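Enquirer:
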Amino acid sequence: MQSSESKTGTVLAVLRADAGDEATVAAAARLAALCGAPWHAILVENAHTRRRGEAARLRTLELLRHAHARGAVTAVLEGRDAPAVGAAYARRHGCTTAVLAREHGTAWWHVPFVRRLAQAAPELDLVDVAAPSTPSVAGPPARARPAPRPYLAATGASLATAGVALPLLPLLDVANVAMLFLLTVVLVAIRLGRGPAILATLVGFCSLVIAAPRRQYDVSEFKYAVALAVMLAVGWITARLTSDLREQAESATGREARTRALYEFARALSVALQTEQVFEITRRFLARTFDARAAILLPDDAGRLRWPVADPASEERAPVLSVLDMAAAQWAFDHGAPAGAGTPTLPSNPYLYLPLLAPMRSRGVLAVRVPDVAALLVPERRELLDAFAALAAIAVERVHYVDVAQDAVVRMEGERLRNSLLAALSHDLRTPLTSLVGLSESLTLSRPALAAAQMELANALRDEARRMSTLVANLLDMARIQSGGVKLNLEWQLVEETIGSALRACRWQLGGRSVDTHIPRGLPLVRFDAALLERVLCNLLENAGKYTPPDAHVTIAARAEEGMLVVAVCDNGQGLPAGRADALFEKFVRGRQESSISGVGLGLAICRAIVEAHGGRMRAFNLPDSGACFELRLPLGEPPPLPDPEHHHHFTDQHEH
Amino acid sequence: MSIESAAPVALIVEDEPQIRRFVRMALEGEGWQVHQSETLKRGRIDAGSRTPDLIILDLGLPDGDGMQLIRDVRSWSPVPIIVLSARIDEADKIAALDAGADDYLTKPFGIGELLARVRAALRRQHKAGGDASARIVFGRVEVDLNKRTVQRDGQPVHLTPTEYKLLSVLIANLGRVVTAPQLLREVWGPSNADNGHYVRIYMGHLRQKLEDDPAQPRHLLTETAVGYRLQS
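For the record, the sequence lines run as chains A and B.
Heads up: the first sequence is residues 1 to 657, going by my numbering.
Heads up: the second sequence is residues 1 to 232, going by my numbering.
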């Protein structure tokens, strides 16, 4: 092993689908562990590696999977010039050391892989690993036991050609007869492949040798030998070329079939509008393309996958998942990585779980069960499955957004309806109330003036109408807030100003009760909807007006503490009924059930709804001596920049002297 | 007849008969001659033919947007217009004031409130025609616009230039609501439209300096979500 201990760059294991792969992976893993370096393992496939048979390929893919489990980045690449592809990969991924197995028993004209790789990537350190010369005991390659029939057919075809062509030998030139044999070889190569074609060449060659006219040292003897040699060489080359061509055509057909399957799947999914349709289409295509049973598992709101819904129409195809299977699927969903059969995670599970990774997020898991788990190791099939999963994921996401869009339309429609209904209701209730307030006040102002008793009635009429109007405003506000249709008109406000405007609007509710305000100067600006906060304060004042004796005293105090603005409205009345402080904020709950005081108990519920819509809290408590306190807390934000400070020269001073 | 023709003329554009009725009664009690229109269309005709000295306009008329009538009238007459509107339509109120309405009343409103608005509107109009008094008194505060001095209880009050400018805009609109956007425009200039809190901060300063109890102002009043009003 060439040493590379000074380097700690990335290690690259180059596999060739032959007996040396095991040693290569082991050495690369060891080297990477030694240097603490990341490592890659790649297999470059082409006609040459495919000739080693499917069993050898599967073995190498299994090795790649092991490498992946041991921390390697693995890839299966395609390319005729394997060293060049490997070199390009090494460059792209910054690999500095390549590990590969020594080759055995190659023909003398064959340039060793190591040397070709060294030419393609001169900057790469190469580690040449000793490898067993014979195929390992894991099993002989598939082609060690070829099917006899194509070879018999090839021999037959060649003998038949001999039967027709040899009698013509005296008439035709030997070169022409050789052409007939070559024609047979080409046909055999096209139909039966490389081995039979080479056999046909040999049989033709032998029959021509046997049939050769026995003359001594003739010029025609020499001509004959040349023709035979050329025939042998051309036949050999033809057989190889034709069989390569055939393999390429086959792989092209396979690619085309995969592309078509994908295209048809995508087209079928493109018209799906419901999740069930996506499920059904995915199931159908996986059954058709992979002969697989499949189910799509979707998560609930908490991110837990739900059991698949049994569909009576496709009962026999629907897979039955155990608790363990669901756990594996959940793992795949949570980690966004495949799990189960053919992957490093829980490989003994019969299912393969592919997360449905859509652009926005993971949408669910596709559980697939194929009859032959080994087939999942074949890269083309895995890639195709991954592509299916990606298409299904995008379809699920698209359907999801179709639903979201529909919901939004319905919600918008509902909101529009609700708003217009509330506006109409508001107008229809307010109009007669406005008349009532105005007309009753006209009564109090009418001339000649009313007698004292009638004046009292008229005043009472006016006050009740105004109260009614507050009640209606409360009801409509509650409806707006509860329906979620309220848009906060948030502005940076001075709480002093809002307390002032609330007092001006609702002072009359307090009657003769005195009011004190305690608002320290320099309170920070707070972001809230002034109209709604005014409503909160008015409701609290109205409460104080309703539930305290006429000579009570009301205090409004504001302060900032612990990142909150605290506003408290307190009185010195008899306080709240014991143990009911929190219940007061429920709708239609009143402090005293059997009370003669009007109201339905909406006021405090609205206060709480408004304050909570601002991200604040509300509470009620009794003062130590006597009286109730209602306290609201609003979060202090990061206030906006203040206007540029003015020079503190006093403007009016200049004009005084 | 001669007495009637000498009386000032008011036009009420309102579709609700009971509201029309008490507004009419209140105005007639103050010596107004009152015309009534039930629809926007009639209101537009009456505003032209009756040459009113005052228009009271409901914004929520069934046959159209009252805003259009404000713009129409403003194109040819400075007659005071007072708008009636529901509580939740603050944006409508600002729009109406910006379109040229003089003041607004929120339903339900009292007669005292209505008459106070009417008087303020008329006083302003007369002042606009005649000589503007250089001395303004509200509460214990006296402002001399010529000398640019402010006194409270006879003692000079120190105002910064911005505070004085804000106060002078309010004085120019004495008794009438000035929208917050308008105050921002006139005091801070058009580039500060997003800084609504400037007005609030400086109104706070003015209240600290001029009001007895800044938390319960009697002159520098806030019309929540609409603007400010200086009440003498």
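The C-beta atom is built at its ideal place from N, Cα and C for all residues, glycine as well.
In this text, all values refer to a predicted model and were calculated from it rather than measured experimentally.
Figure out for me which residue from A/G603, A/A358, A/L124 and A/A568 has the closest Cα to the Cα of A/A583.
Expert: Ranking A/G603, A/A358, A/L124 and A/A568 by Cα distance to A/A583 puts A/G603 first.
Enquirer: Locate the alpha helix (DSSP H) running through B/Y202, then write down its first and last residues.
Expert: Residues G196 to L210.
Enquirer: Is there a C-beta anywhere in chain B that falls below 8 Å from the one on A/G438?
Expert: A/G438 counts as touching chain B.
Enquirer: Would you verify that the beta carbon of A/G500 is, or is not, closer than 8 Å to some beta carbon of chain B?
Expert: At least one chain B Cβ lies under 8 Å of A/G500.
Enquirer: Buried or exposed: where does A/R633 fall if 16 or more other Cβ atoms within 10 Å of its Cβ makes it buried?
Expert: With 16 or more other Cβ atoms within 10 Å, it is buried.
Enquirer: Using beta-carbon positions only, say whether B/P17 and A/S469 come within less than 8 Å of one another.
Expert: Contact: no.
Enquirer: Is the beta carbon of B/D58 sitting closer than 8 Å to the one on B/E28?
Expert: No; because the gap between Cβ atoms is not below 8 Å, this pair is not in contact.
Enquirer: Contact criterion: CB-CB distance below 8 Å. Does A/L602 meet it with respect to chain C?
Expert: The displayed structure is made up of protein chains A and B, and chain C is not among them.
Enquirer: How would you write the range of the alpha helix (DSSP H) that A/H335 sits in, first residue to last?
Expert: Its alpha helix (DSSP H) spans residues V323 to H335.
Enquirer: In the structure shown, what three-state DSSP assignment does A/R246 receive?
Expert: In this structure, A/R246 counts as helix in the three-state DSSP scheme.
Enquirer: Tell me the DSSP secondary structure of B/E142 in three-state form.
Expert: Strand at B/E142.
Enquirer: Where DSSP assigns a beta bridge to B/Q106, which residues make up the other side?
Expert: For the sequence presented, residue 106 of chain B should be read as Thr rather than Gln. Beta-bridge pairing links B/T106 to B/S85.
Enquirer: Consult DSSP for B/G227 and reduce its assignment to one of helix, strand or coil.
Expert: Here B/G227 sits in strand by DSSP.
Enquirer: Going by DSSP, what residue range makes up the beta strand (DSSP E) through A/H48?
Expert: Counting along the chain, A/H48 falls outside any beta strand (DSSP E), though it belongs to the alpha helix (DSSP H) covering A47 to R50.
Enquirer: Could you work out which residues of chain B lie near A/I519, taking near to mean beta carbons separated by less than 9 Å?
Expert: Residues of chain B passing the Cβ test: P214 and A215.
Enquirer: Less than 8 Å between the beta carbons of A/A90 and A/A29, yes or no?
Expert: Contact flag unset, no.
Enquirer: Are the C-beta atoms of B/E30 and some chain A residue less than 8 Å apart?
Expert: It does not; no Cβ of chain A falls within 8 Å.
Enquirer: Return the CA-CA distance between A/L15 and A/A98, expressed in angstroms with no decimal places.
Expert: Approximately 10 Å between the Cα atoms of the pair.
Enquirer: How big is the Cα-Cα spacing for B/W188 and B/F138?
Expert: Near 25 Å, if we compare the C-alpha coordinates of B/F138 and B/W188.
Enquirer: Using a Cβ-Cβ cut-off of 8 Å (strictly less than) and excluding sequence neighbours within five positions of B/K41, which residues of its own chain qualify?
Expert: D63 and G64, listed in sequence order.
Enquirer: Could you pull out every residue in the same chain whose Cβ sits closer than 6 Å to the Cβ of A/A544, ignoring the five residues on either side in sequence?
Expert: Hits under 6 Å: V554 and D571.
Enquirer: Identify the continuous alpha helix (DSSP H) that holds B/W188 and give its terminal residues.
Expert: Unbroken alpha helix (DSSP H) run through B/W188: A180 to W188.
Enquirer: Please name the residue or residues paired with A/V567 in a DSSP beta bridge.
Expert: Its beta-bridge partners are A/A558 and A/L632.
Enquirer: Please list, in chain order, all residues of the same chain as B/L170 whose beta carbon is under 7 Å from its beta carbon, the five residues on each side excluded.
Expert: Closer than 7 Å at the Cβ level, and outside the excluded window around B/L170, lie V178, Y228 and L230.
Enquirer: Alpha carbon to alpha carbon, how far is A/A453 from A/E638? Give it in angstroms, no decimals.
Expert: Rounded to whole angstroms, A/E638 to A/A453 spans 57 Å at the Cα level.
Enquirer: Provide the residue span of the alpha helix (DSSP H) that contains A/P150, from first to last.
Expert: Taken as a continuous stretch (DSSP letters only), the alpha helix (DSSP H) holding A/P150 covers P148 to A165.
Enquirer: Do the segment 368 to 380 of chain A and the segment 390 to 403 of chain A touch if we need at least three Cβ pairs shorter than 8 Å?
Expert: As far as the Cβ criterion goes, the segment 368 to 380 of chain A does not touch the segment 390 to 403 of chain A, which means the pair count is below three.
Enquirer: Got a sec, what are the start and stop residues for the beta strand (DSSP E) A/R527 sits in?
Expert: Start and end: V526 to F528.
Enquirer: By Cβ distance below 8 Å, which residues in the same chain neighbour A/Q2 in space, the five residues on each side in sequence not counted?
Expert: Low confidence applies here, because A/Q2 scores a pLDDT of 42, under 50, leaving its location unreliable; read the following figure in that light. Only D125, L126, V127 and D128 meet the Cβ criterion.
Enquirer: Please specify which runs of the alpha helix (DSSP H), each continuous and at least 4 residues long, are wholly inside the segment 489 to 532 of chain A, giving them in chain order.
Expert: Those alpha helix (DSSP H) runs which fall completely within the segment 489 to 532 of chain A and span 4+ residues are 495 to 506.
Enquirer: Which of the three DSSP states is assigned to B/D58 in this structure?
Expert: Looking at B/D58 - three-state DSSP - the assignment turns out to be strand.
Enquirer: For chain A, is any of its Cβ atoms less than 8 Å away from the one on B/T179?
Expert: Taking Cβ atoms only, chain A never reaches closer than 8 Å to B/T179, which makes this a no.
Enquirer: Would you say A/N543 faces chain B, with C-beta separation under 8 Å as the test?
Expert: Chain B, which has no Cβ nearer than 8 Å to the Cβ of A/N543, makes this no.
Enquirer: CB A/N539 to CB A/L576, shorter than 8 Å?
Expert: No, they are not a contact pair.
Enquirer: Is the CB-CB distance between A/I481 and A/A613 below 8 Å?
Expert: The answer is yes: Cβ separation under 8 Å.
Enquirer: Pick from A/A225, A/L152, A/S243 and A/T275: whose alpha carbon is nearest that of A/A175?
Expert: Here the closest residue by C-alpha is A/A225.
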